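Asker:
There are 2 protein chains.
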Amino acid sequence: MGNTDAAYMAGVEVAHRVPVPTPRPFLDTFCSNLKETFFPDDPFRQFKQEKGGRRAIRALQYFFPIFEWAPNYTFNFFRADLIAGITIASLAIPQGISYAKLANLPPILGLYSSFVPPLVYAMMGSSKDLAVGTVAVASLLLASMLGKTVSAKEEPALYLHLAFTATFFAGVLQASLGLLRLGFIVDFLSHSTIVGFMGGAATVVCLQQLKGILGLEHFTTNTDLVSVLESVFSQVHQSKRGSLFFWLSAAAPLTSVILGSLVVYFSHAETHGVEVIGHLTKGLNPPSLTKLTLSPPHMMVALKTGMVTGIIALAEGIAVGRSFAMFKNYHIDGNKEMIAFGAMNVAGSLTSCYLTTGPFSRSAVNYNAGCKTAVSNVVMALAVMITLLFLTPLFHYTPLVVLASIIISAMLGLIDYEAAFHLWKVDKIDFCVCIGAYLGVVFGSVEIGLVTAVMVSILRVLLFIARPRMTMLGNIPNSMAYRRMDQYPGAQSIPGVLVLGIDAPIYFANANYLRERISRWINEEEDRLRVNGKTSLHYVILDMGAVSSIDTSGISMMKETKKALERKELQLVLANPGSEVMKKLDSSKVLETIGHDWIFLTVGEAVGACNFILHTVKTGNLMENGGVMGLDSHV
Amino acid sequence: MGNTDAAYMAGVEVAHRVPVPTPRPFLDTFCSNLKETFFPDDPFRQFKQEKGGRRAIRALQYFFPIFEWAPNYTFNFFRADLIAGITIASLAIPQGISYAKLANLPPILGLYSSFVPPLVYAMMGSSKDLAVGTVAVASLLLASMLGKTVSAKEEPALYLHLAFTATFFAGVLQASLGLLRLGFIVDFLSHSTIVGFMGGAATVVCLQQLKGILGLEHFTTNTDLVSVLESVFSQVHQSKRGSLFFWLSAAAPLTSVILGSLVVYFSHAETHGVEVIGHLTKGLNPPSLTKLTLSPPHMMVALKTGMVTGIIALAEGIAVGRSFAMFKNYHIDGNKEMIAFGAMNVAGSLTSCYLTTGPFSRSAVNYNAGCKTAVSNVVMALAVMITLLFLTPLFHYTPLVVLASIIISAMLGLIDYEAAFHLWKVDKIDFCVCIGAYLGVVFGSVEIGLVTAVMVSILRVLLFIARPRMTMLGNIPNSMAYRRMDQYPGAQSIPGVLVLGIDAPIYFANANYLRERISRWINEEEDRLRVNGKTSLHYVILDMGAVSSIDTSGISMMKETKKALERKELQLVLANPGSEVMKKLDSSKVLETIGHDWIFLTVGEAVGACNFILHTVKTGNLMENGGVMGLDSHV
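Going down the list, the sequences are from chains E and F.
So for the first sequence, the UniProt record's numbering puts the first residue at 1; every next one is plus one.
So for the second sequence, the UniProt record's numbering puts the first residue at 1; every next one is plus one.
1. Taking 8 Å as the cut-off, decide whether the C-beta atoms of residue 638 of chain F and residue 110 of chain F are in contact.
2. Which term fits residue 159 of chain F, buried or exposed, when burial requires 16 or more other beta carbons within 10 angstroms of its beta carbon?
3. Out of curiosity, what's the CA-to-CA distance linking residue 197 of chain F and residue 319 of chain F?
4. Hey, which unbroken runs of the alpha helix (DSSP H) at 4 residues or more fall wholly within the stretch 508-543 of chain E?
5. Helix, strand or coil: how does DSSP classify residue 623 of chain F here?
6. Can the beta-carbon of residue 515 of chain F be found less than 8 Å from the beta-carbon of residue 580 of chain F?
7. Run the CB neighbour count on residue 639 of chain F, radius 10 Å, all protein chains shown included, and call it buried at 16 or more, exposed below.
8. At the level of alpha carbons, what is the spacing between residue 18 of chain E and residue 25 of chain E?
9. Give the interface partners of residue 163 of chain F over in chain E, defined as CB-CB distance under 9 Å, in chain order.
10. In the stretch 453-468 of chain E, which residues sit with their C-beta less than 9 Å from some C-beta in chain F, listed in chain order?
11. Sort out for me which residues DSSP pairs residue 470 of chain F with in a bridge.
12. Rounded to a whole number of angstroms, what is the C-alpha to C-alpha distance between residue 231 of chain E and residue 94 of chain E?
13. Residues in the stretch 176-202 of chain E with C-beta within 7 Å of chain F's C-beta atoms, listed in sequence order?
14. Find out if the Cβ-Cβ distance for the pair residue 467 of chain F, residue 37 of chain E is shorter than 8 Å.
15. Let me check one thing: in DSSP terms, what residues is residue 572 of chain F bridge-paired to?
16. For a contact meaning CB atoms closer than 8 Å, what does residue 425 of chain F contact in chain E?
17. Can you find a C-beta in chain F that's less than 8 Å from the C-beta of residue 539 of chain E?
18. Please report the residue range of the beta strand (DSSP E) in which residue 483 of chain F lies.
19. Look up residue 599 of chain F in the DSSP assignment and give the residues it is bridged to.
20. Buried or exposed: which applies to residue 418 of chain E, given that a residue is buried once 16 or more other Cβ atoms fall within 10 Å of its Cβ?
21. Over the uninterrupted alpha helix (DSSP H) stretch that includes residue 366 of chain F, give me the two end residues.
22. Is the separation between the beta-carbon of residue 190 of chain E and that of residue 457 of chain E shorter than 8 Å?
23. Once the 5 residues before and after residue 311 of chain F are set aside, which same chain residues still bring their CB inside 6 Å of it?
24. Using beta carbons (cut-off 8 Å, strictly below), is residue 37 of chain E in contact with chain F?
25. Classify residue 492 of chain E: buried if its beta carbon has 16 or more other beta carbons within 10 angstroms, exposed otherwise.
26. Which chain F residues sit within Cβ distance under 7 Å of residue 21 of chain E?
27. Would you call residue 486 of chain F buried or exposed, if buried means 16 or more other Cβ atoms sit within 10 Å of its Cβ?
28. Closest to residue 287 of chain F by C-alpha separation, out of F/27, F/479, F/116, F/499, would be which residue?
29. So, at 7 Å on beta carbons, what are the nonlocal neighbours of residue 174 of chain E in its own chain, with the 5 sequence-adjacent residues on each side left out?
30. Give the secondary structure of residue 441 of chain F by DSSP, where H, G and I count as helix, E and B as strand, and everything else as coil.
31. For residue 283 of chain E, count neighbouring C-beta atoms within 10 Å of its own C-beta (all shown protein chains included) and say buried if the count is 16 or more, exposed if not.
32. Do residue 594 of chain F and residue 563 of chain F have their CB atoms nearer than 8 Å?
33. Within a Cβ cutoff of 6 Å, which residues of the same chain sit near residue 388 of chain F, ignoring the five residues on either side of it in sequence?
34. Go through the stretch 369-403 of chain E residue by residue and report every complete run of the alpha helix (DSSP H) that reaches 4 residues or more, in order.
35. Just to confirm, are residue 199 of chain F and residue 416 of chain F a CB contact at a threshold of 8 Å?
36. In chain order, what are the residue ranges of uninterrupted alpha helix (DSSP H) at least 4 long that sit wholly in the stretch 69-105 of chain F?
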């Protein structure tokens, strides 16, 4: 073999070597990995250049972005924010009351929740467009999860306290996730999960509300019902038709409330069975610190509810904030937003509010009304404050059926069948995730739907790891590039050489699969060659370009593959292994087994070296090597 | 822009196009994906060429490999198998009795379990080296999981019935996994998990047994204890020293049993407090069909125990089978092995056996004794049968302390600190998985250890997906290849062009991270260029070679990145996207947004095209394009 080796070395002298990375101290690697994982946005970069007092100001500005933008606040901004703020307040008041009813909480909580949390968010939030408030899905979740243990009708006080406690825990969780930089947990709720989940929740809420509405038909004339429903449905349709109807659409809920209340007031329908909101206490949020239930057994229910609703609310709020930030081209720091959401919910739980986040509908109205900064939230909070102080008696005669209609109208917008269709068109598995979440919520429960969707999403990721794609590569004519033969029909295979591309990291979950798959590729290729009477196989080149990571099982698999190929008198050649692969091959001594000479920078160079040896053997004097005679070599 | 486009088109005319794959019918893709996922080994390949009667024989041979190898069985094979079979029987009898005690089951069950299951496996198994029997870890798990609900001492009959039922469910699960081709579930128990788990279980068992042994010291002279312990420990050491001591080592347990029994018999130590096995019923396995507990509430415990022990036993058995198959260069079909294990445990549960698998120690002895086929299992079963029929009275005086020593000696071999050290050296996360499993088992429970290890393993996979590596690529001098600049110190960056490699599929779990990371790379690069007074950035090339898969969140991320770059007046260029990426970019219309002209086969061609335009702009007449004046272009 001495001659072959020499010839081989001559042939590959031009080839590039793949270096083994110089070992770095363990702590070094560990720290840099930790940084990449938890601080990918490098939040301290801006502090590094500053010092002393400036650094403190920077830190203050980091946690309270209001100090960053307030100095540049202009009157023009204020005018825009004022209009936007009043617009969202007119939406916030009826929606707040409706959603509080949905959560089986006293309606006044909806107003309280539109007062304190927006003020906190205005100071701490980094979004300019997010309008803070309660959301239907979280309200529904709260009702369904707390309702399992405590009946809102039989023990209203305990139920209320548990709602505050759940809000408190949700806030603590949100802030902790932000502080611990675990924001990526929220990323595991994919867009498709949320589409399906929201659609399912909306369907459930609509059916619930419709039941209530239809139940009313026996007690009263259905004129107002039909009119309200019609007006609501027309609003929904109009709101989809563009900005012409925007103001009408935004004002619809408040108009419905006013009209509905007037009809009841003058017709005295409340004495004929039409349920109305009834008395609302005047005055601002009472403190609720003493109402937190921090002892078992009820604390556990509140804790669980807080966790689930907190994550859901976070996912919605951050997705909404990111979407609008993208439209306006500014950056949202996910972890910072989480801290703001957490602080606003903790503050809320101490002032008789329940879970708030950034609802999509309200934020969209805020954005369309031309808001410039978080001041629109302040304006909304002030409008709600005035309502709390002076206008609560006006809601006495508001019929519940109007609230139901408001909920339904908001809910119908959440059933995003177009998004579902898009998912089907682009990615079938995402569609399955979406439908799984939808069906889970509709036929199971909100939690079942959520768990189903997250499980399917994670299973998809795991399946990708467990069953990576492995394909045969061929040479693209007129280039040195080797690409998948199923993707590039023109790619040509090389006689005597089998080039395989591995498309995933090699982990315990796929090491066995890959080993078996490689042996099947070789068997199939040998069968094919035998049938066609072509040259036999001599080299198996593995393109490791996409193998970004490898674990000990993967290393064993490489070792075993090398052995298996040796028994078949085939040479294993690696092309383009990454630094992690090289490092681990080296530290496990598998590199010595494979031979550093058989590792190339590119598939092209690897094929070149293989061809060179095949040539040398054919043209000449080297016959020791088993079955290389009569070889149809490739130029 | 007309001129730029023309110049650009001229420059890239030589470049290769990346085709959009022709759409295939949904059912087609679905079926081929299903096949890749569940039938990667193409088990029907061998049937395709056959027909009629031959096909039936093939199918019979598939499920009962004995029909495949039996016709070629020779006398030489039998001589080897006879020796190996007798050797493993001499190990199986004392180990069987010991492990049954470990599982808190009557000792005779250990003998029963070495009779029926090996016969079933000999017919159905595809391994030539696996010796079937009970294992310590599964025995321990059985005791710990069943023991939580039913006390083996207070309700021995119920406990026994539950053990049979758990075995039955384990067998059904194993066979189902094989038939449903879900063998990859076992792959999620990585090698590092098993090393840690086994070590932890071995530690717990040793401590338990030592307690028993040390407790005995007060009752009797410790001569025989010390001698047995010494002999056992010396055996362990010897067995590590190679094949010279092999026979001694293999015969040690039986020798200890015989010596221990003789000592007790002649010294009447059983009357001085040394516990002995006592009476063992003569006769073969009684049927136990009627003893299966198939009604709640106890069924659920048995079901859960069966699931957990079944998976563990499967993982051990298949790993052992694969290891020896690799030594001898034959193939083990994982799914077929599962069916064999399942059948052997279902048969076992009906004939008074408890959970069996292929223990490493016994299989290693089998292999070392020179076994040729599964006939060695038949010989062992026959030897155990003879023992059951005639020799059970001999075990009456066997002291339990000998059994404890046998267990400890087997357990010490399971604490594979060398493997743990290897894990630490090669892969720190695998080491954490291993230590997690170990500590979980030692300080928590067997289930906690297992769950910890599997969770850490899966978290690692998820973290890889959530935080993929994204690196800057540079040109390797004298080549068209672009590689990671941190891996290849010689790689050179291209002025005006930022080349980024994405090392993972783009999924919901990492889409946000990647978007932010790309923007940080660009910001850092622009900062760097500004500080050095170099050319500004014009092109961002994403090397998509390792992006084997993308979902709808990933597609949105691409769209948003394109928009974000546009606002910064940067051009997004893609290099080497795979067929799935191209298909989804196309079906979601994002391909139109990016522009098919900006997608290249290789990074080299993409850089070439970018440089060509930068040149044309510099040398000439094209000034419309924002900030391209005074450009220091690259040749």
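Every residue gets a Cβ at the ideal spot worked out from N, C-alpha and C, and that includes glycine.
Just so we're clear, the structure is a prediction, and the values are computed from it rather than from any experiment.
Answerer: Quick look at the numbers:
1. No information on residue 638 of chain F is available, as it lies outside the stretch 1 to 635 that chain F covers here.
2. Position 159 of the second sequence, counted from the start, is the residue given in the question as residue 159 of chain F. Under this definition residue 159 of chain F is a buried residue.
3. As a position in the second sequence, residue 197 of chain F is number 197, starting the count at 1. As a position in the second sequence, residue 319 of chain F is number 319, starting the count at 1. Using only the alpha carbons, I get a separation of about 14 Å.
4. Here the runs fully enclosed are 508-532.
5. Residue numbering aside, residue 623 of chain F sits at position 623 when the second sequence is read from its first letter. Residue confidence is low: residue 623 of chain F scores 43 on pLDDT, short of 50, so the model does not pin down where it sits. No coordinate-derived value is stated.
6. As a first step, residue 515 of chain F is located in the second sequence; it is residue number 515 there, counting from the start. As a first step, residue 580 of chain F is located in the second sequence; it is residue number 580 there, counting from the start. Their beta carbons are not under 8 Å apart, which means residue 515 of chain F does not touch residue 580 of chain F by this criterion.
7. Chain F is shown only over 1 to 635; residue 639 of chain F falls outside these bounds and no answer can be derived.
8. Taking the first residue of the first sequence as position 1, residue 18 of chain E is located at position 18. Taking the first residue of the first sequence as position 1, residue 25 of chain E is located at position 25. One Cα belongs to residue 18 of chain E, the other to residue 25 of chain E, and the distance between them is close to 21 Å.
9. Taking the first residue of the second sequence as position 1, residue 163 of chain F is located at position 163. Residues of chain E passing the Cβ test: none, with the nearest at roughly 31 Å.
10. 457, 458, 460, 461, 462, 463, 464, 465, 466, 467, 468
11. In the second sequence, residue 470 of chain F corresponds to position 470, counting from 1. Bridge partners of residue 470 of chain F: F/502.
12. As a first step, residue 231 of chain E must be located in the first sequence, where it is residue number 231. As a first step, residue 94 of chain E must be located in the first sequence, where it is residue number 94. Note that residue 231 of chain E scores 39 on pLDDT, short of 50, meaning its location in the model is unreliable; the coordinates nonetheless yield the value given after this. Their backbone Cα atoms lie some 16 Å apart in a straight line.
13. 184, 187, 188, 190, 191, 192
14. The residue labelled residue 467 of chain F in the question sits at position 467 within the second sequence. The residue labelled residue 37 of chain E in the question sits at position 37 within the first sequence. Taking 8 Å as the Cβ cut-off, residue 467 of chain F and residue 37 of chain E qualify as a contacting pair.
15. Residue mapping note: residue 572 of chain F aligns to position 572 of the second sequence, counting from 1. DSSP output for residue 572 of chain F lists F/540 as bridge partner(s).
16. If you number the second sequence from 1, residue 425 of chain F lands on position 425. Per Cβ cutoff of 8 Å: 587, 588.
17. To locate residue 539 of chain E, count along the first sequence from 1; it is residue 539. No - not a single Cβ of chain F is within 8 Å of the one on residue 539 of chain E.
18. The count along the second sequence starts at 1 and reaches residue 483 of chain F at position 483. Note, residue 483 of chain F: beta strand (DSSP E), 482-484.
19. By one-based count along the second sequence, residue 599 of chain F stands at place 599. According to DSSP, which records beta bridges pairwise, residue 599 of chain F is partnered with F/574.
20. Walking along the first sequence from the start, residue 418 of chain E turns up at place 418. Only exposed fits residue 418 of chain E, as fewer than 16 other CB atoms lie within 10 angstroms of its CB.
21. Walking along the second sequence from the start, residue 366 of chain F turns up at place 366. Start and end: 360-368.
22. As a first step, residue 190 of chain E is located in the first sequence; it is residue number 190 there, counting from the start. As a first step, residue 457 of chain E is located in the first sequence; it is residue number 457 there, counting from the start. Yes, Cβ-Cβ distance for residue 190 of chain E and residue 457 of chain E is below 8 Å.
23. Counting from one through the second sequence, the residue named residue 311 of chain F turns up at place 311. Taking residue 311 of chain F as the centre and dropping the five residues before and after it, the same chain places no C-beta closer than 6 Å to its C-beta.
24. Here residue 37 of chain E refers to the residue found at position 37 when the first sequence is read from its first residue. Closer than 8 Å: yes.
25. Counting from one through the first sequence, the residue named residue 492 of chain E turns up at place 492. The C-beta of residue 492 of chain E has fewer than 16 other C-beta atoms within 10 Å across all chains shown, which makes the residue exposed.
26. Position 21 of the first sequence, counted from the start, is the residue given in the question as residue 21 of chain E. Simply 487.
27. Numbered from 1 along the second sequence, position 486 holds the residue referred to as residue 486 of chain F. That one is exposed.
28. Here residue 287 of chain F is taken as the residue at index 287 of the second sequence, counted from 1. Nearest of F/27, F/479, F/116, F/499 to residue 287 of chain F, Cα basis: F/116.
29. Numbered from its first residue, the first sequence carries residue 174 of chain E at position 174. Excluding sequence neighbours, residue 174 of chain E sits near 310, 314, 338, 341, 342, 345.
30. Residue 441 of chain F sits at position 441 when you count from the first residue of the second sequence. Residue 441 of chain F falls in the helix class under three-state DSSP.
31. If you number the first sequence from 1, residue 283 of chain E lands on position 283. Looking at its Cβ environment, which holds fewer than 16 other Cβ atoms inside 10 Å, residue 283 of chain E is exposed.
32. For the purposes of this step, residue 594 of chain F is taken as the residue at position 594 of the second sequence. For the purposes of this step, residue 563 of chain F is taken as the residue at position 563 of the second sequence. Taking 8 Å as the Cβ cut-off, residue 594 of chain F and residue 563 of chain F do not qualify as a contacting pair.
33. As a working mapping, residue 388 of chain F is identified with position 388 in the second sequence. Within the same chain, residue 388 of chain F has close Cβ partners 111, 284.
34. Within the stretch 369-403 of chain E, the complete alpha helix (DSSP H) runs of at least 4 residues are 375-386.
35. The residue given as residue 199 of chain F occupies position 199 in the second sequence. The residue given as residue 416 of chain F occupies position 416 in the second sequence. Cβ atoms of residue 199 of chain F and residue 416 of chain F: closer than 8 Å.
36. Segments of the alpha helix (DSSP H) lying fully in the stretch 69-105 of chain F: 75-102.
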